[in-house]
Each structure stands twice: as structure tokens, then as C-alpha cells.
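2 protein chains.
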Amino acid sequence: MTAVASFNPQAFRAALSTFTTGVTIITTRNAEGEPVGVTANSFNSVSLNPPLVLWSLAKSALSLPAFTENRHWNVHVLSAEQDVLSGRFASRGENKFAGVSLDQGINDTPLFTDCTARFQCRTAFTYEGGDHLIFVGEVLAFDKSELPPLAYQSGQYALATCKPRELLRLGAEPPPECSYTEDLLGYLAGRAHYQLLDALRRLLHSQKIDEHAFFVLSVLCIQDNLTLEEINDYVSYTGREVTQSLMLFLEKQGYVAPDKQFGVLRFLLTAAGRELSLEQIALAKAVEQQLIEKLGQADSQVLKMLLKRLIQATDPGLPDLWAPASQEFGARA
Amino acid sequence: MTAVASFNPQAFRAALSTFTTGVTIITTRNAEGEPVGVTANSFNSVSLNPPLVLWSLAKSALSLPAFTENRHWNVHVLSAEQDVLSGRFASRGENKFAGVSLDQGINDTPLFTDCTARFQCRTAFTYEGGDHLIFVGEVLAFDKSELPPLAYQSGQYALATCKPRELLRLGAEPPPECSYTEDLLGYLAGRAHYQLLDALRRLLHSQKIDEHAFFVLSVLCIQDNLTLEEINDYVSYTGREVTQSLMLFLEKQGYVAPDKQFGVLRFLLTAAGRELSLEQIALAKAVEQQLIEKLGQADSQVLKMLLKRLIQATDPGLPDLWAPASQEFGARA
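Chains as they are written, first to last, in this note's numbering: chain P, 30 to 362; chain X, 30 to 362.
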């Protein structure tokens, strides 16, 4: 930690922004009856009895007169998906309310939908706060949804993940001289993958299909007419090789059909193959849905986001499974 | 979203707590010169010019007189590792400062170390706030570290992960009829694992050892004197089988030594094997460290935490690699 000798606004702002906050939009109607709204992260609770909350608004804000004239205003704690709305109300644009679905709040104040929580307030006090005015409002009504909230930290939107009180341990504490620990990302990613694969395998068992066949059919379901080499490129992320004999097995089962043109063997997905694959993916998704319910929607979203960042950071250049078949790819085969 | 008809304090508290905050401890000295501190998440910035911040304290708090009498106090934005400190200062215990490392703040106020940010303040205003008193302080000095901050949401400690403005995409957008997408956890975990394994493989290449041998040596490094069956139990999370011939290869290289007693073949790690394994783990850790630098320390911690939760939620009952060899395990072999 380094003490900051000179008091520069940038550094002060950076230090303040380390304090995590939620994001709110606060709305009212101005004297002309037009809806007015501003994004604010200076919201906080003050008192339970009486129920009071506060926030502060720059004295230079265009919306200041609306909030000093109309004592009724609504605080919307934004949900994780409302970052675009936050951006819109943080800027000075016209017509911020265009296309926004509204409920009617107390005293006809605008009330957003799909928020994490909403507080309908009436100004109790306004206090001097330097270049800002502090609004303390009495909460007249409130409601909350189950939508995970949007957070804000160091100038960026964020999602919060619950930090368990105890350090999460899978196994016993390793002896101090042991350098291979469960905290290695490689170990965790490997074990997570293995266990998910194990669940998939149990699922596929009843269909007499193994996970290799599942991956091949999934790839062909996205795009078929591929050579064995191309199929292998696409499933290389599984670390397994697809063999000629697996393709022959799938052909015998009626799931794929070979197509030889100009001496090049390509594989097409049959209608039966597509049906089976879609059925399998639906099964896999149902299992994944159960897992997401255990982890929670918000934390699952964070996990996926971080896995994608890990994948981007370590990508050796795998082909894009979802890209439409390109000239380049065709030329390479 | 359901409107709450009756205004019950629990529901009000629950709605308020959806607003994410950081966690601060605010300290001062009382009239007797004793250090006083309270945990508060009601902190927020108010004004840049003049630099003002605010927080509120319950009028019933034992520490209220200290903060009304001493105009000097310090706000500590806690770092991710300071949740225990937060808990201590949120309770009414004696000797909260025992063993806490302190810097000297302005006017001899106590100043914690290892925080994310610190603000040394002097009361500018105190305002009425129902069952709380609102303190607005002028910031006289501040500093910040690079430590990730602790967050708080819905009554639980949390860690915030940056939410990118654009949806993170690895590949092209899949066609609408395509149900196998990159957003499947199974796909993401698989690809992350494969890419990490690929990095490990490149690392091991120079040592003429493959990743299977790496996992076997790592297991024996944690505990040796294991049968082939036991080794396989421990590396089952990799989804690969360790064969007799791999063990023979490792024996020929001088990394493991067989030990047959009562007709049971067990494997010991030789000094050369231990040396090689530690060297490999150090290499793997160095690669992982580079990855963690790319992801950021805080986000890596969240990723590991969420992978552990995924592993716990899907564990088919794998043996604990780090548990000391137990009677039970020995009996089973």
C-alpha cells in the first residue's frame, strides 16, 4: 500500500471505485410530467425503522430539478442482464425511456420491470454533500425478484459470487511438502471434466453409444459433409481420436452415411443420426440444468464466463466448430 | 416480481441486501484513547470536490459516542482475504484489535494494513437518518493497494468478477436450430481441460515423459506404496487407465521401484522419481502462474472456487488423493 502524497482526482476516484456496489436507476417525473431517470451506484440503506434509504446526485445533473421538485422517486436495483439499461441512463441521451417496459409507481412515477429489487420512496431529507446533494427517502413500498443483481467494481460491471466462510476443500489438507495440490487449475479442470463426462457416459449407456460417438454426432449435427480428418479437428478439444472403425460402426447403425466424391470420403448425418443426436443433446442439457440449479444461475454464468476466458487464454488455435464451412477450411482438407 | 403488501422488516432487509456492496471497517479512538472499530457496508462516495464520503451507524451502537466525539476516523475497504477481520468487527467482542497490525493514522487513529483502500477522514457533517446517524467525512488522505476487494451480497461475503460488455464468444454464433452450443458446461470444461493438458504435454515433451506418467508420479509423490489398482483409483479423475506396461516403463527409467510383500505388488517412488516429479510440478505451476496472471488473481480464485463447487455437485465418490493412507483403504486393496 502506497500513500498518495498529492491529492489527485483520478487517484481518488480509483481508490473510491475499489468499493464494490450494485447499480441502480432512480426515476421520477419532472414538473412537465415527463419521466426522468439516472443511473447511480451511491445508493445505500440507512434505517430499518423508519425505513430509509439514501443516494446522492451531482448538483450539476440535468435531472436535479426533477428530483428536488418531485418528492416521489423509485430506486431500481438492476439485475445482471440490465447493464445496457444502466449505460443508457448513465448518459445524457434523449428518449431514455423509449421502448422500456414500465409499471406505474406511486404518484404515477415510472417503475421498471425485470429488476432485482425496487424501492418506491418519498424524500424525507435532502442534505448538503459538496458537489452532490444527498437524498434520504422514506420507503413506501418495495418488492424483489429472484434475478441475480448487477454489480460494479473499479469502473466495470461485475457479477458477485458467494465466497464461502470456510475455504472450500475437496479432500484432506495436503502435507506441507506436497506441491501437487487440489488448487491447481489443471487438476480442477481435469476432475470437473472427468466427472461431467462420467455423467454423460451414464446417460448414453442406455442408448448403447459411447461419448466418442456422441461427440462425432454432435459435430455432424452442427455441420456435416466432413472428412474424418475434419471431424478429428473438431473433436480434438476432447483429447480423443475418432477412428475409421468408429465411423464404420456409426454407418452400420444407420446414423452416418459415407459420400465419396473425387476420391475424398466425407460423412453425412442421416435423419436417424440427427434425431439421435438431438435426443442426446437434450438429455445432456437436462443433466446440465440440474447441475446449474445446484450451482445457482448467477454462479453458473460466472463459471462459464471464466472458463471461456481460460480457453481464450490457452487456445492453441482450435478450429471454430460453429463457423460456417469456409473456403479456407475446405482448401486445407 | 411480487409486490410486498405488508411491510415486514425481514422482507425489507432481504430486498435491501440484494444491492451488492463492499465491506469496510471504520476505526477511531474513543475519549479514553482506546481504539474503536465497526464493520459497515453503508459506505459510499459523495463528492469529489470537496472530497467527501459517507457511512451510517446505528444510534444503538456502543461505538456511537466514540464517533460523535472524535472527528477523525478511517475507512478501510477490506480485501478479499479480510472476511475474518470483518466478522470480528461486526460483533461486540472485547479486544477486537488484539493481534491486528496497525499503521498510525492522522490524529493517532488506528489504520489497518493489507486493505484494498483506506480513507482517512474528518467529520464534515452528521445527519439524522432514522435509527442511524449519517456521517459525512472529508477525506484528508487515502491510499489503495492492488488487493482484490471483498464484496457482500444477500447477507454473504462475495467476490466480484468483471462482466464483459459484450457477451464472451469463443466461436461464431451457432445457427438457431443448433442445440449443441459452446455454452454447455460440459463443452467448456472439456475444452479447458484439453487445452491445459496440451500445455502440460508440450512441457513434458522435453523430458520424454507423457502426461499419464506425470499423473502417476504426482500421485506417488503424495503417497507411495500403492498397488496398481490404488494408483488407478487415484488417477481415475483423468479418465485414463494406468497400465502394467506404463509402470514397467517407469521402473526401467528408475523412477519407481516395485515392492512385493505377501504376494501383493506395490510401487514405491525412487529418489530420482521424486526429483523428476517435483521438477515437473514446478514446471506445471509456472505455466499455471502465467495463466493466472492473464486471468487475474481474483478471477482465478473465483474460477477455482466454482470448479470445486461443480466437482462437489457431481462427485461420483472419488477417493481423496490427499488423505493419509487409511486402514479402510488398506483393507480394501
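Where is the CB? At the ideal position from N, CA and C, for every residue including glycine.
Item, Value
"Cβ of cysteine 191(X) within 8 Å of any chain P Cβ", "yes"
"CB of aspartate 172(P) within 8 Å of CB of arginine 147(P), strictly", "yes"
"Serine 274(P) to lysine 281(X) span [Cα, whole Å]", "34 Å"
"Cβ contact (3+ pairs, closer than 8 Å) linking the stretch 192 to 207 of chain P and the stretch 121 to 136 of chain P", "no"
"Per-residue contacts from glycine 200(X) into chain P (C-beta, under 7 Å)", "Asp349, Leu350, Trp351 and Ala352"
"Contact check, arginine 338(X) vs leucine 217(P), beta carbons under 8 Å", "no"
"Spatial neighbours of threonine 68(P) in its chain, beta-carbon cut-off 6 Å, leaving aside the 5 residues before and after", "Ile54, Ser115, Phe118 and Ala119"
"Neighbourhood of alanine 362(P) by C-beta, 7 Å cutoff - its chain only, sequence neighbours within 5 removed", "For alanine 362(P), the predicted structure reports a pLDDT of 33, less than 50, and the residue's modelled location is therefore unreliable. A value from the coordinates is still provided. Answer for alanine 362(P): Thr256, Glu258 and Glu259, listed in chain order."
"Chain X residues whose Cβ lies nearer than 8 Å to that of aspartate 328(P)", "Leu335 and Arg338"
"Beta carbon proximity, alanine 32(X) to chain P, threshold 8 Å", "Its pLDDT being 46, under 50, alanine 32(X) is placed unreliably in this model, and the coordinates cannot settle the point."
"Chain B contacts made by the stretch 233 to 264 of chain X, where a contact means CB separation under 7 Å", "Checking the listed chains, one finds no chain B in this structure; the protein chains it contains are P and X."
"Anticipated Cβ contact below 8 Å, leucine 45(X) with alanine 153(X), distance rounded", "The Cβ separation is near 26 Å, so there is no contact."
"Segment limits, beta strand (DSSP E) that includes isoleucine 29(X)", "With chain X represented from 30 up to 362, any question about residue 29(X) goes unanswered, as that position is not in the structure."
"Chain-ordered chain X contacts of aspartate 344(P) [CB-CB under 7 Å]", "Gln224"
"Chain X contact for isoleucine 310(P) (CB, 8 Å cutoff)", "yes"
"Leucine 279(X) and valine 245(X) closer than 8 Å at C-beta", "yes"
"Cross-chain neighbours of arginine 42(P) in chain X, by beta carbon under 8 Å", "Leu77"
"Which of helix, strand or coil DSSP assigns to alanine 34(X)", "Confidence at alanine 34(X) is low in this model, with a pLDDT of 44, below 50, so the placement of that residue is unreliable and no value is reported for it."
"Where asparagine 73(X) falls, given that 16 or more other Cβ within 10 Å makes a residue buried", "buried"
"Secondary structure, alpha helix (DSSP H): runs of 4+ residues fully inside the stretch 64 to 118 of chain P", "93 to 98"
"Under 8 Å between C-beta atoms of valine 52(X) and leucine 107(X)", "yes"
"Proximal residues to alanine 301(X) (C-beta, below 7 Å), its chain only, five neighbours per side dropped", "Gly283 and Tyr284"
"Burial state of histidine 234(P) (16 or more Cβ within 10 Å)", "exposed"
"Interface flag, leucine 81(X) vs chain P, CB-CB below 8 Å", "yes"
"Contacts of tyrosine 186(P) in chain X (Cβ-Cβ under 9 Å)", "Cys191, Lys192, Pro193 and Arg194"
"Nearest to glycine 184(X) (by Cα), restricted to the options Pro193(P), Gly184(P) and Tyr181(P)", "Pro193(P)"
"Cβ neighbours of glutamate 240(X) in the same chain (closer than 7 Å, five flanking residues each side left out)", "Leu226, Leu229, Arg230 and Leu233"
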